[in-house]
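S.K.: Quick one: this structure, given as structure tokens, is what I'll be asking you about.
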Amino acid sequence: NAGVTQTPKFQVLKTGQSMTLQCAQDMNHNSMYWYRQDPGMGLRLIYYSASEGTTDKGEVPNGYNVSRLNKREFSLRLESAAPSQTSVYFCASRTQGRTGELFFGEGSRLTVL
Amino acid sequence: AQSVSQHNHHVILSEAASLELGCNYSYGGTVNLFWYVQYPGQHLQLLLKYFSGDPLVKGIKGFEAEFIKSKFSFNLRKPSVQWSDTAEYFCAVDGYNKLIFGAGTRLAVHP
């Protein structure tokens, strides 16, 4: 039982390049989330998907797009990477409902030069 | 819009000292509150959560938190910290099915 799996774990991009972070969960969870973690700023919500077929903006959605491909997978795309997007990205999932625990992936460290 | 404020960014304690980390939130509706911990090099793990009932919530590893609705607070406490509690602690509030985190408090416990 892998839980939440993110790929890649590390990536270096040049400004203007695009890339997609992949996330998959095998816990049959309805809700999935993408966060970025920056020193002194905690985790900030980029996008979330409350259920298959829906996506909503979080606190910092600019510069990102997401796709809820199916119940298991939720990808995050940077269309034109900027240095300000250098961060550690975490995918998370939980069962539907506001009391559920979030289960996190291991994180993806992205550097934009 | 919901928001979370954690008052202390860095806390340094000696082993056996008591711990209290402050958390205040802003949200107009029924609130669900969480504390997560991130040990060095690891991802976040749930310490405890509150969604209804007894406002004093007990979590793992001897941690507890008290929900005080009138103060919009959910402070984390531990009577006696250990070196292994060295980590970053995040308070979070759930509204509209999205979980918003505070900036975190980095705790260092010295032997």
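These protein sequence lines map, in sequence, to chains D and R.
Each step along the first sequence adds one to the number in the numbering used here, with nothing skipped, and position 76 is 76.
Each step along the second sequence adds one to the number in the numbering used here, with nothing skipped, and position 110 is 1110.
C-beta atoms are modelled at their ideal positions from N, C-alpha and C, and glycine is treated no differently.
Quick one: measure Cβ to Cβ for W1035 of chain R and G1059 of chain R, integer angstroms, because I've assumed they're closer than 8 Å.
M.R.: By one-based count along the second sequence, residue 1035 of chain R stands at place 35. By one-based count along the second sequence, residue 1059 of chain R stands at place 59. 7 Å between Cβ atoms; contact.
S.K.: Evaluate contact between the segment 30-41 of chain D and the segment 69-86 of chain D, counting only Cβ atoms and requiring at least three cross-stretch pairs below 8 Å.
M.R.: Yes, the segment 30-41 of chain D is in contact with the segment 69-86 of chain D.
S.K.: Residues of chain D with CB closer than 7 Å to the CB of F1101 of chain R, please, in chain order.
M.R.: Position 101 of the second sequence, counting from 1, holds the residue named residue 1101 of chain R. Result: G42 and L43.
S.K.: Is it buried or exposed for K1069 of chain R, if we count other Cβ within 10 angstroms and need 16 for buried?
M.R.: Translated into the one-based positions of the second sequence, residue 1069 of chain R becomes position 69. The residue in question, K1069 of chain R, is exposed, as its Cβ has fewer than 16 Cβ neighbours within 10 Å.
S.K.: Per the DSSP calculation, N1075 of chain R is bridged to which residue(s)?
M.R.: Residue mapping note: residue 1075 of chain R aligns to position 75 of the second sequence, counting from 1. Note: N1075 of chain R sits in a beta bridge opposite R:E1066.
S.K.: Under the assumption that N1032 of chain R contacts D1094 of chain R (Cβ atoms under 8 Å), give the Cβ distance between them as a whole number of angstroms.
M.R.: Position 32 of the second sequence holds residue 1032 of chain R. Position 94 of the second sequence holds residue 1094 of chain R. Rounded, the Cβ-Cβ distance is 4 Å, consistent with contact.
S.K.: Taking G42 of chain D as part of the beta strand (DSSP E), name the residues at either end of that continuous run.
M.R.: In the first sequence, the residue the question calls residue 42 of chain D occupies position 42. Unbroken beta strand (DSSP E) run through G42 of chain D: G42 to S49.
S.K.: Per DSSP, which residues does D56 of chain D bridge with? Please list them.
M.R.: Within the first sequence, the letter at position 56 stands for residue 56 of chain D. Paired residue(s): D:Y48.
S.K.: Identify which residue in R:G1104, R:L1099, R:P1111 and R:V1109 has its Cα closest to the Cα of G58 of chain D.
M.R.: As a position in the first sequence, residue 58 of chain D is number 58, starting the count at 1. It is R:L1099.
S.K.: Do F10 of chain D and L110 of chain D have their beta-carbon atoms positioned less than 9 Å apart in this structure?
M.R.: For the purposes of this step, residue 110 of chain D is taken as residue 110 along the first sequence, with counting starting at 1. For the purposes of this step, residue 10 of chain D is taken as residue 10 along the first sequence, with counting starting at 1. Contact: yes.
S.K.: Give the interface partners of F104 of chain D over in chain R, defined as CB-CB distance under 7 Å, in chain order.
M.R.: For the purposes of this step, residue 104 of chain D is taken as residue 104 along the first sequence, with counting starting at 1. Ordered by position in chain R, the residues that pass the 7 Å Cβ test against F104 of chain D are H1043 and L1044.
S.K.: Please state whether DSSP places D1085 of chain R in a helix, a strand or coil.
M.R.: As a working note, residue 1085 of chain R is residue 85 in the second sequence. Reduced to three states, the DSSP call for D1085 of chain R is helix.
S.K.: Taking C-alpha atoms, which residue in D:P8, D:T95, D:L78 and D:S93 lies nearest to K14 of chain D?
M.R.: In the first sequence, residue 14 of chain D corresponds to position 14, counting from 1. Ranking the options by Cα distance to K14 of chain D, first place goes to D:L78.
S.K.: Helix, strand or coil for L1002 of chain R? Go by DSSP, reduced to three states.
M.R.: Residue numbering aside, residue 1002 of chain R sits at position 2 when the second sequence is read from its first letter. Checking the displayed sequence, the identity of residue 1002 of chain R turns out to be Gln instead of Leu. Q1002 of chain R falls in the coil class under three-state DSSP.
S.K.: Can you find the residues in the same chain that come closer than 8 Å, C-beta to C-beta, to A50 of chain D, ignoring five residues on each side of it along the sequence?
M.R.: Working through the first sequence from its first residue, we reach residue 50 of chain D at position 50. Here the set comprises N30, S31, D56 and Q96.
S.K.: Which residue's Cα is closest to the Cα of P1079 of chain R: R:H1110, R:E1020, R:G1028 and R:Y1027?
M.R.: Working through the second sequence from its first residue, we reach residue 1079 of chain R at position 79. With distances taken between Cα atoms, P1079 of chain R lies closest to R:E1020.
S.K.: Give the range of the beta strand (DSSP E) segment to which V1031 of chain R is assigned.
M.R.: Position 31 of the second sequence, counted from the first residue, corresponds to residue 1031 of chain R. Here V1031 of chain R belongs to no beta strand (DSSP E), and DSSP marks it neither H nor E.
S.K.: Would you mind telling me which residues of chain D sit closer than 8 Å to H1110 of chain R, beta carbon to beta carbon, in chain order?
M.R.: Counting from one through the second sequence, the residue named residue 1110 of chain R turns up at place 110. Those do not exist, as H1110 of chain R stays about 22 Å from chain D at its closest Cβ, beyond 8 Å.
S.K.: Can you find a C-beta in chain D that's less than 9 Å from the C-beta of Y1039 of chain R?
M.R.: Within the second sequence, numbered from 1, the residue matching residue 1039 of chain R stands at position 39. Cβ-Cβ to chain D under 9 Å: no for Y1039 of chain R.
S.K.: Can C23 of chain D and E101 of chain D be called in contact, C-beta distance under 9 Å?
M.R.: To locate residue 23 of chain D, count along the first sequence from 1; it is residue 23. To locate residue 101 of chain D, count along the first sequence from 1; it is residue 101. Not a contact, by the Cβ cut-off of 9 Å.
S.K.: For I1061 of chain R, list the residues DSSP reports as bridge partners.
M.R.: What you label residue 1061 of chain R is simply residue 61 of the second sequence in a count that begins at 1. Here the sequence assigns Lys to residue 1061 of chain R, which means Ile is not the residue at that position. Partner(s): none; K1061 of chain R has no beta bridge.
S.K.: Counting only Cβ pairs nearer than 7 Å, list the residues of chain R close to Y48 of chain D.
M.R.: Mapped onto the first sequence, residue 48 of chain D falls at position 48. Neighbours of Y48 of chain D on chain R, chain order: K1098.
S.K.: So that I know if they touch, is there some Cβ in chain D lying closer than 9 Å to that of K1049 of chain R?
M.R.: If you number the second sequence from 1, residue 1049 of chain R lands on position 49. Chain D, which has a Cβ nearer than 9 Å to the Cβ of K1049 of chain R, makes this yes.
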